[in-house]
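*Asks:* Residue numbers (this note's numbering), protein chains in the order written: chain A, 1079 to 1299; chain B, 1079 to 1299.
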DNA sequence: TTTCTTCTCCCTATAAATGGGGAGTCCTTT
DNA sequence: AAAGGACTCCCCATTTATAGGGAGAAGAAA
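1) Taking the runs of the alpha helix (DSSP H) that are 4 residues or longer, which of them lie wholly in the segment 1101-1155 of chain B?
2) Buried or exposed for residue 1228(B), please, with buried defined as at least 16 other CB atoms from any protein chain shown within 10 angstroms of its CB.
3) Residue 1132(A): buried (16+ other C-beta within 10 angstroms of its C-beta) or exposed?
4) Is the distance from the Cβ of residue 1246(B) to the Cβ of residue 1274(B) below 8 angstroms?
5) For the putative contact between residue 1179(A) and residue 1146(A), defined by C-beta atoms under 8 angstroms, what is the C-beta separation to the nearest angstrom?
6) Considering only the alpha carbon of each residue, which of 1194(B), 1269(B), 1152(B) lies closest to residue 1164(B)?
7) Would residue 1291(A) pass as an interface residue toward chain B - the criterion being a Cβ-Cβ separation below 8 angstroms?
8) With which residues is residue 1087(A) paired in a DSSP beta bridge?
9) Output needed for residue 1308(B): all residues of its chain with C-beta closer than 8 angstroms, excluding positions within five of it in sequence on either side, in chain order.
10) Hey, could you find the ends of the alpha helix (DSSP H) residue 1277(A) is sitting in?
11) With 7 angstroms as the C-beta to C-beta threshold (strictly closer), list the residues of the segment 1093-1117 of chain B near chain A in chain order.
12) To be precise: take each residue of the segment 1253-1275 of chain A, compare its Cβ to all Cβ atoms of chain B, and keep it if any distance is under 9 angstroms. Which residues remain?
13) Just the C-alpha distance for residue 1092(B) and residue 1160(B), rounded to the nearest angstrom, thanks.
14) Can you have a look at residue 1117(B) and say buried or exposed, based on whether 16 or more other CB atoms are within 10 angstroms of its CB?
15) Buried or exposed: which applies to residue 1130(B), given that a residue is buried once 16 or more other Cβ atoms fall within 10 Å of its Cβ?
16) Helix, strand or coil: which one does DSSP assign to residue 1249(B)?
17) Do the CB positions of residue 1277(A) and residue 1243(A) come within less than 8 angstroms of each other?
18) Is residue 1191(A) helix, strand or coil when you go by DSSP?
19) Between the beta-carbon of residue 1290(B) and the beta-carbon of residue 1250(B), is there less than 8 angstroms?
20) Residues of chain A with CB closer than 7 angstroms to the CB of residue 1284(B), please, in chain order.
21) Looking only at DSSP bridge pairs, what is residue 1044(A) linked to?
22) According to DSSP, simplified to helix, strand and coil, what is residue 1293(B)?
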């Protein structure tokens, strides 16, 4: 029999945390060591109380510092604790983004109740875990590559947006036009145009509306 | 001492329901009589088991039939049970839309834990209840009208979109351009242009991106 | 009946976005 | 040293969206 698994939960909705804690309390191998309502709280917690948690359950959408920011922080500071993303979104692009940032598991809120305990035990054991529906999508995306279920590679990055492209994308969602964006970012209009074009190409959308919808779906705004 | 308040909870995320139930179980005056994961389940439940619940806690975002659909169903079938919207969104337009559809309370998921019991008791008592942050926004919007806190009027509708405008808006979010929309709806290009213009005017946005963002925020798509 | 809204279409005109290229600098990685 | 990525800007041209106005037909509401 192994030791208890210590867990930290982060979600901006306290009610969700309450739910998760209620579920996790039903398992004697798991112990909740704290929770956070913002990404900033998470990083602070892990700075001050290192090694008090083995697994972090992390929501993507949080104020101040979001899940992506937390993952980046973990990666940068080489924090070894396992992270499981708990998300409302089952967009494959998000999942891949999170994977590339080093998360070890990804479960959707739809079926968190059923799978969260299994997910925690799996990643605590050094393996990766994904909700069945996520797994299905990942496998579909990877069709052609030889991978077995449950052991997905981390080394497939999505066509990541550069910093500048992200800057432009964010301003587009604010209804800025090209010249306003150029002014705001102190760039030439041609430059902003270039970024618009590369955004359209990378995200495979038709127009600015497509960019905005992508940004919303992927919680960039 | 009054009787127990019977409550039904609807949210597409089971984990949220678990959280709400956990919170509500701490109050002896409240009893949960069931829950639903889709809007369709809600209407079915209220068809088969009338009067088994006094208050319905309703999430806006649900598959099959969303919260708006449920409210419309309630209104149409003159179902008298009180509805409290539990939402992630604090957009004032959504709140007003919900109010016009007859909901009696509106709380955000951010502070549901603190206010949900108070909200249930308030609406069960025949009054309206809003999260403090929502109340603040409503009052700001109503600035100029004479209303006291906690007793807000139901009779202020937003500048409603017509059916055709909604048709066009939905297609815009799908990245259709004007001529594609015209083809799809069997309209002339000029006509679609007219709707685009009125959408921009009514929703007070600058461009198609603004329309798309509005549609997303207000769960039109 | 008159008024109002909605739906439909038109005109003119400008502003903005999209599509296809090229190209130089800087910096990091190989 | 070479290669690649990111950042910056430019040319060309076409398509699309936005802005302002007008107007008739049908139906509902006052």
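C-beta: ideal position from N, C-alpha, C; glycine also.
*Replies:* Put simply:
1) Runs found: 1117-1126, 1145-1154.
2) Its pLDDT being 35, under 50, residue 1228(B) is placed unreliably in this model, and the coordinates cannot settle the point.
3) buried
4) Between residue 1246(B) and residue 1274(B), the C-beta spacing is below 8 angstroms.
5) 7 angstroms
6) 1194(B)
7) Put simply, the CB of residue 1291(A) is near chain B, with a gap under 8 angstroms to one of its CB atoms.
8) 1113(A), 1135(A)
9) In the structure as shown, chain B begins at 1079 and stops at 1299. Residue 1308(B) is therefore absent and cannot be evaluated.
10) Start and end: 1267-1281.
11) Listed by position along the chain: 1093, 1094, 1096, 1097, 1098, 1100, 1101.
12) Listed in sequence order: 1253, 1254, 1255.
13) 22 angstroms
14) By the neighbour-count criterion, in which a residue is buried when 16 or more other Cβ atoms sit within 10 angstroms of its Cβ, residue 1117(B) is buried.
15) Label assigned to residue 1130(B): exposed.
16) Helix, per DSSP.
17) yes
18) helix
19) yes
20) 1253
21) Because chain A is modelled from 1079 through 1299, residue 1044(A) falls outside the range shown and cannot be assessed.
22) Under the three-state reduction of DSSP output, residue 1293(B) falls in the helix class.
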